[in-house]
Amino acid sequence: MPLGTSSGTAGLSVDTGRIGPFDVYAATQLGFAHAVKCNPREDSYALGGVEGWTGCIVAVADGLGAARNSHAASLKAVRTAVDFLRDRIVPGQVRLAEQWTGLAPALVEEVCLQLSPHAVDSYAAVLGYRPLRDVPSRKVETDPACTLLVAAIELDNSGMVELAWASVGDCRLATVEPEGQLNWISAVSFDVFRGLRAGSLVSNAVDSLPKEPHRLQAGLVKLSAGATVLFASDGLTSAIDLAPDYFAEAIREMIDLRVPAHTFGALLDFQIRQLYDDRTLVAVSPFPADGG
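Here the sequence shown is numbered in our numbering, starting from 1165 and rising by one per residue.
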């Protein structure tokens, strides 16, 4: 897999390959709620690595529904995050995890700089794929904004897998253990008091960038041998919560069988009432030492 890959703007995008010592699957799909209004997909992902580095970088973002050019904001955010970390990797020297306390807030600061309204609007013009404006809506359009989840997955000196992650918003991180158990690592970043207005939840109350970099969550996790790391946007996390065993088993089986990318993408093809948002899933798993 190329060491810099992203989802672009297509309604459906899938990728599979290897980055460093990891098998990677990625899929993102336009949600029904956006498709019926002829709006672009607001979820994005980006994948990255560095030649000679025993690691992989993944970023997932979800543009806020009422924000202008949120599809461009999410794509710009994931590409910025992956490029930021790639530029700081020197294979064989200090690992990203050892610098994460300072790197995570610096990364978020850089993403915020790149998400200025002018920068995102200009990027949207380059992409050339804009939402239609003749669809009736009661939403008040706001400046470009998105959530963000980014992580570096790296083999340490002992051969253990270490995960350094950072998140603002409701994209979530999980692991699927070899025995099939799914465990969430990150939580939704949400200020319930800001989300309440006149006694009801308002749209876009979830934490986002560039407005709330101070709501950053970050951490370091040592992974058990054979664990698979999952990155999911909020359009998929709700479905996973409804059927965690199904998703865990299906993901493990697909990775073990090395299925084609379009087969992995079929995981996003479900119809569940009220779950009409864009859906994104990235799965990263160490491949066997024998290259199996």
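A virtual CB, placed ideally from N, CA and C, is assigned to each residue, including glycine.
Just so we're clear, the structure is a prediction, and the values are computed from it rather than from any experiment.
- Message: I'd like the list of long-range same chain contacts for Ala-1447, defined as Cβ closer than 6 Å, with 5 residues on each side in sequence excluded.
- Response: Only Tyr-1189, Thr-1392, Leu-1394 and Ile-1415 meet the Cβ criterion.
- Query: In terms of residue numbering, what span does the alpha helix (DSSP H) encompassing Leu-1167 cover?
  - Reply: Going by DSSP, Leu-1167 is part of no alpha helix (DSSP H) at all; its letter is neither H nor E.
- Query: Less than 8 Å separating the beta-carbons of Glu-1241 and Cys-1310?
  - Reply: The displayed chain sequence assigns Ala, not Glu, to residue 1241. The Cβ-Cβ distance between Ala-1241 and Cys-1310 falls below 8 Å.
- Does the distance from the C-beta atom of Ala-1351 to that of Ala-1396 stay below 8 Å? Taking 8 Å as the Cβ cut-off, Ala-1351 and Ala-1396 do not qualify as a contacting pair.
- Query: If you follow the alpha helix (DSSP H) that Arg-1336 is part of, which residue opens it and which one closes it?
  - Reply: Residue range 1336-1340 is occupied by the beta strand (DSSP E) that includes Arg-1336, with no alpha helix (DSSP H) assigned at that position.
- Any beta strand (DSSP E) of 3 or more consecutive residues that is wholly inside the segment 1210-1247: Complete beta strand (DSSP E) runs here, min 3: 1219-1227.
- Query: Taking the C-alpha atoms as reference points, what is the distance between Gly-1195 and Ser-1322?
  - Reply: One C-alpha to the other measures close to 42 Å.
- Task: For the segment 1244-1252 and the segment 1176-1185, state whether three or more C-beta atom pairs, one from each stretch, are separated by less than 8 Å.
- Result: With a cut-off of 8 Å, the segment 1176-1185 and the segment 1244-1252 do not count as touching, because too few Cβ pairs lie within range.
- Ser-1235, buried or exposed, once every other Cβ within 10 Å from all chains shown has been counted against 16: It is worth fixing the name first, because residue 1235 is His in this sequence and not Ser. Counting every other CB atom within 10 Å of its CB across the protein chains shown gives His-1235 a total of 16 or more, marking it as buried.
- Item | Sequence-distant residues of the same chain with beta carbon closer than 8 Å to Leu-1167, five excluded per side | Closer than 8 Å at Cβ, skipping near neighbours: Ile-1183, Gly-1212, Gly-1213, Val-1214, Glu-1215 and Arg-1250.
- Ala-1289 to Asp-1409, Cα distance in whole Å? Going by the C-alpha atoms only, they are around 42 Å apart.
- Query: Going by Cα to Cα distance, which pick from Ala-1389, Glu-1206, Leu-1400 and Leu-1445 is closest to Gln-1438?
  - Reply: The shortest C-alpha separation from Gln-1438 is found at Leu-1400.
- Query: Leu-1313 to Ala-1230, Cα distance in whole Å?
  - Reply: Inter-residue distance for Leu-1313 and Ala-1230 is about 20 Å (C-alpha atoms, whole angstroms).
- Task: Can you tell me the Cβ-Cβ gap for Gln-1278 and Thr-1306, rounded? I've got them flagged as a contact below 8 Å.
- Result: Contact doesn't hold; Cβ gap of about 18 Å is too wide.
- Rounded to a whole number of angstroms, what is the C-alpha to C-alpha distance between Glu-1376 and Gln-1257? Rounded to the nearest angstrom, the two C-alpha atoms are 32 Å apart.
- Outcome for Asp-1442 when other beta-carbon atoms lying within 10 angstroms are tallied against a minimum of 16: Classified as buried, Asp-1442 has 16 or more neighbouring CB atoms from the shown chains inside 10 Å of its CB.
- Alpha carbon of Leu-1260 to alpha carbon of Glu-1318, nearest angstrom: The alpha-carbon of Leu-1260 is positioned some 8 Å away from that of Glu-1318.
- Give me whichever residues DSSP pairs with Trp-1329 in a beta bridge. DSSP, once it has assigned bridges, lists Ala-1315 and Gly-1383 as partnering Trp-1329.
- Query: Buried or exposed: where does Ser-1280 fall if 16 or more other Cβ atoms within 10 Å of its Cβ makes it buried?
  - Reply: Counting C-beta atoms within 10 angstroms of its own C-beta, Ser-1280 has fewer than 16 neighbours from the protein chains shown and is therefore classed as exposed.
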